[in-house]
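There are 2 protein chains.
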Amino acid sequence: MNQVLFNIQRAFGASSQELDALDKVMEKTTLEKNDFFLTEGEVCKSIAFIESGSMRLYYDYQAKENSNDFFFENSVVLSFASFLSQQPSKVNITAIEPCKLLVIQYTDVFSLFYQYPSLKRFAEVLLQEHLIKSEARAASLLNDTPLVRFTKLLEEHPRIFKRIPLHYVASYLSISPETLSRYRTKFLI
Amino acid sequence: MNQVLFNIQRAFGASSQELDALDKVMEKTTLEKNDFFLTEGEVCKSIAFIESGSMRLYYDYQAKENSNDFFFENSVVLSFASFLSQQPSKVNITAIEPCKLLVIQYTDVFSLFYQYPSLKRFAEVLLQEHLIKSEARAASLLNDTPLVRFTKLLEEHPRIFKRIPLHYVASYLSISPETLSRYRTKFLI
DNA sequence: TAGTTCTATTGATTTGGATCAAGAAAATTT
DNA sequence: AAATTTTCTTGATCCAAATCAATAGAACTA
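Order-wise, the sequence lines are chains A and B.
FYI, in my numbering the residues of the first sequence are 1 to 189.
FYI, in my numbering the residues of the second sequence are 1001 to 1189.
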């Protein structure tokens, strides 16, 4: 059994029947560094589980790439807004490191929900978690100064600084790469 | 039939039976200016529909009140994060103008969903709309300069400038009241 | 209606972070 | 492993918005 299925089983008590059904519709794929999982304007028609590697979700806005999220192993990756509404995505999602992914298609997702209630419950929890995360992201950008965002990120997600190129991290914090570099020397990183 | 029920019927084709059930659990209440609908730390146990008036959702953060949303007639008001997780709210919600509200309790919401699928569908649409709005809010704070946020708000929601005290609007835009005042003279408002 | 508090404007000054510029270090490619 | 590209750092300058300060105007309230 792959790690993704194992996690779902452990967290939601999915039956082996449900896990089998899920396994059947999961396609293994890989992405090279800088390959796109989703591009702006395209409708998000699949969900990815990351087996290994890291990814970045960003807005391409006025010649700037503003990163809004990073993903690592055992994460679920998609544009919720585009996937749910089946409207063109406003974001891009690309591989930072080479990635091994398990991918499920939109149509399969809903036919699975129809058949297996505990998978529907899994999706509802994912959706709720994402909503809370999205509100927290907006709150952080509203309430915190750039320096506070930096120190919080450093404390809460130190691995981001180890595995993500710093100019991407700078754009996530909504500061220039130069300013991030200065924060880092100031905090002896 | 009140305006709220009328809207639900029109948008979701709810049956008269469903609307009756909804009507039964809706309690009319009023709020005076500055009264709280929800305070930080409290669990959000109800949903309000605004019949008349306006409300404000804000973070109370380091001696500053940072407004994150404004609501007018025919809006649905709650802290989604707190309501869904039944965890203490991180936000406050208060009346700006005196409000007439229709309020539904948490427990009634879920018993209604259980009985009436089209109301569940109504809730799912609300949730999806909120998620997209929350992502858009974060995107705006990440991508746009203060001045661009101001011009977009002016264009997309001009009534906010007519009915909401400007220092609240300033905090929503994440700028000082002085800067908002200067933007306004610059744009001849 | 006079007094008080709240809200908004305008001016002077300060400041945190952006931008510009150059070079160093690291990673990738050939 | 040499060449090229990408990433990161450091310094100098600039600028948009914050802060500080004073006043005016509106809206409560006693």
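Cβ coordinates follow ideal geometry from the N, Cα and C atoms, glycine included.
All values reported here derive from a predicted model rather than from experimental measurement.
Beta-carbon separation of residue i and residue j under 8 angstroms?
i: T1030 of chain B; j: L1101 of chain B; result: yes
i: F1072 of chain B; j: S1085 of chain B; result: no
i: N1066 of chain B; j: S1181 of chain B; result: no
i: L119 of chain A; j: A11 of chain A; result: no
i: N1143 of chain B; j: Y59 of chain A; result: yes
i: S46 of chain A; j: Q87 of chain A; result: no
i: S1134 of chain B; j: S176 of chain A; result: no
For residue i, collect the residues of the same chain with a Cβ closer than 7 angstroms to its Cβ; drop the 5 residues on either side in sequence, then sort them by chain order.
i: C44 of chain A; result: L38, L78, S79, S82, F83, S89
i: I1050 of chain B; result: F1071, F1072, E1073, N1074, S1075, V1077, C1099, L1101
i: L1005 of chain B; result: L1019, L1022, D1023
i: E1040 of chain B; result: D1060, S1089, K1090, V1091, N1092
i: V169 of chain A; result: I160, F161, L180
Could you check which residue in the options has the C-alpha nearest to that of residue i?
i: C99 of chain A; options: A:H157, A:S67, A:S52; result: A:S52
i: P117 of chain A; options: A:I164, A:A21, A:P165; result: A:A21
i: H1167 of chain B; options: B:N1068, B:E1018, B:E1042; result: B:N1068
i: F113 of chain A; options: A:A123, A:I104, A:Q105; result: A:A123
i: S111 of chain A; options: A:Q9, A:V25, A:S16, A:P177; result: A:V25
i: E1042 of chain B; options: B:N1092, B:Q1009, B:N1034; result: B:N1092
i: K28 of chain A; options: A:N2, A:N7, A:S16, A:F161; result: A:N2
i: R1056 of chain B; options: B:E1156, B:L1188, B:E1178, B:R1163; result: B:R1163
In chain order, what residues of the same chain have a beta carbon less than 6 angstroms from the beta carbon of residue i, not counting five sequence neighbours either side?
i: A1136 of chain B; result: none
i: D1108 of chain B; result: V1025
i: R1159 of chain B; result: none
i: F1036 of chain B; result: T1094
Name, please, each residue of chain B whose Cβ falls closer than 7 angstroms to the Cβ of residue i.
i: N143 of chain A; result: Y1059, Y1061, N1066
i: E135 of chain A; result: A1081, S1134
i: S174 of chain A; result: L1142
To the nearest angstrom, how far is the alpha carbon of residue i from that of residue j?
i: T1151 of chain B; j: A138 of chain A; result: 19 angstroms
i: T1094 of chain B; j: Q128 of chain A; result: 24 angstroms
i: L1154 of chain B; j: A1063 of chain B; result: 27 angstroms
i: H1130 of chain B; j: H130 of chain A; result: 12 angstroms
i: V1103 of chain B; j: N1034 of chain B; result: 18 angstroms
i: Q1009 of chain B; j: R1121 of chain B; result: 12 angstroms
i: N1007 of chain B; j: F1187 of chain B; result: 36 angstroms
i: E156 of chain A; j: S1016 of chain B; result: 50 angstroms
i: A1048 of chain B; j: L1126 of chain B; result: 13 angstroms
i: T185 of chain A; j: E1178 of chain B; result: 34 angstroms
i: Q115 of chain A; j: Q1115 of chain B; result: 20 angstroms
Can you find a heavy atom of the ligand COA that lies under 7 angstroms from the Cβ of residue i?
i: S54 of chain A; result: The ligand COA is not part of this structure, which contains no ligands at all.
Residue i touches chain B at which residues, Cβ-Cβ below 8 angstroms?
i: Q128 of chain A; result: L1084, S1085
i: A138 of chain A; result: N1068, S1134, R1137, A1138, L1141
Here's a check: name, in chain order, each residue in its chain whose Cβ is nearer than 8 angstroms to the Cβ of residue i, leaving out the five neighbours to either side.
i: E32 of chain A; result: A95, P98
i: S174 of chain A; result: N66, L141, P146, R149
i: I132 of chain A; result: none
i: P165 of chain A; result: I96
Going along chain B in order, which residues have a C-beta closer than 9 angstroms to the C-beta of residue i?
i: L131 of chain A; result: F1080, A1081, L1084, L1127, H1130, L1131, S1134
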